[in-house]
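In terms of the numbering used here, the sequence shown opens at residue 119 and continues consecutively.
Structure, as structure tokens:
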Amino acid sequence: MEFIHLTIFAIFLGVLSACADTPFKQNSANEDKALESVKRGSTLLSNVSFEQVMALNMTMLDEGSDSSIQLAYGNSPLQYGRLYLPKVSDADGDQHKAPLVIFIHGGCWLNAYNIEHSAAFSQSLAQQGFAVWSLEYRRTGDTGGGWPGSLNDVLKGVSFAQSFRDYPIDLKNIVLVGHSAGGHLALLASSPQRNLFKGDERVKGVIGLAAIVDVVNYSKGQNSCQTATSAFFGGDAEQKQNAYRLGSPLSYPLLENTLMLQGDADTIVEIGQASNSGLTYQIVAGAGHFDWIHPQTNAYQVFLSALENRVSNP
């Protein structure tokens, strides 16, 4: 998720048409069914602004409804995550284990945007029955952040999920999710070459939400997030060719069950990042960049359906 200055956010306030799927590679039957349900008379939002996302988080903070547990995965003050656990009924008791979503937030890789803006998103997933391990990490502007430090933090934070065996979490049912720049880092972390998941742990899928995939092409753009790419890598694509190669998800084999979700009203990450990636992708009509992390949007419902489809498959 990438953000531009608040004075520009007003362009995102238009509420567009209800969600519709655009032909891409292939929807599962469950995803098609969910899309039809969303399209029928939905009053959910589309093309929300960053301000609307933050308003949700402020409301949650005011109500004291954030149920997360903060856990450190490293020694730096920024090497921590928040673990959200769903409420378990007395009938389920200790026998119920929730599927785990490992989430990496976006923000142009910049330290101006932290884990706080994704709190309502994570809390909502917990209310839907998922455990969520939402990672903070050092970003551009932090000592140790940028390339490759941000990725190294994410790798360490993802690996830390192995310590959750004392929680009611099903570590055989993990989905790795990232938004925007966090999607870029999630894709890099998901490559089997990383060998992050060991023993019985099993990743059932990877979902990129408006994820940045082609970092070279992205760095050539002129919006404020695109211009932040060179700061993340310490130079432009000509100056830092090796860093851009190593920092491109397209340089690695990725898991087969990887899905890119993208809105056609996104002015921060263009559709081509998904459609030209060679990965399975889905375009949601009317969805803006921040819709994916706002639980009251059409796009969030499409994401939720894709997530449920992955954790329900054997």
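Note that beta-carbon positions come from the ideal geometry of N, C-alpha and C, so glycine has one too.
Which residue marks the beginning of the beta strand (DSSP E) containing Val293, and which one marks its end?
287-297
Grouping DSSP H, G and I as helix and E and B as strand, with all else coil, what is Leu201?
Strand.
Looking only at C-alpha atoms, which of Arg363, Asp382, Gln400 sits nearest to Thr376?
Residue Gln400 is the option with its Cα nearest to Thr376.
What residue does the alpha helix (DSSP H) around Lys274 start on, and which one ends it?
267-277
Expressed to the nearest angstrom, what Euclidean distance is found between the alpha-carbon atoms of Ile386 and His223?
15 Å
Straight-line Cα distance separating Gln344 from Asn145
Because the pLDDT at Asn145 is just 41, under 50, the model does not fix this residue reliably, and the point stays unresolved.
Which residue from Gly264, Val206, Ser366, Asn394 puts its Cα closest to that of Ala307?
Checked all of Gly264, Val206, Ser366, Asn394; the closest Cα to Ala307 is Ser366.
Are there three or more Cβ pairs, one per stretch, closer than 8 Å when the segment 180-188 is compared with the segment 390-399?
no
Alpha carbon to alpha carbon, how far is Asp409 from Asn427? Give it in angstroms, no decimals.
20 Å
Rounded separation between Arg320 and Lys290 - CA only
4 Å
Evaluate the contact criterion for the segment 312-329 versus the segment 236-253: three or more CB pairs, one atom per stretch, below 8 Å.
no
What is the DSSP secondary structure of Gln414, reduced to helix, strand or coil?
coil
Would the beta-carbon of Asn346 fall within 8 Å of that of Thr258?
With the sequence shown as reference, residue 346 is identified as Ala, and Asn is not the correct amino acid for it. Against a cut-off of 8 Å, the Cβ pair of Thr258 and Ala346 comes out as a contact.
C-alpha distance - Ala355 paired with Leu314, whole-angstrom precision
Using only the alpha carbons, I get a separation of about 28 Å.
Start and end of the beta strand (DSSP E) containing Phe221?
216-222
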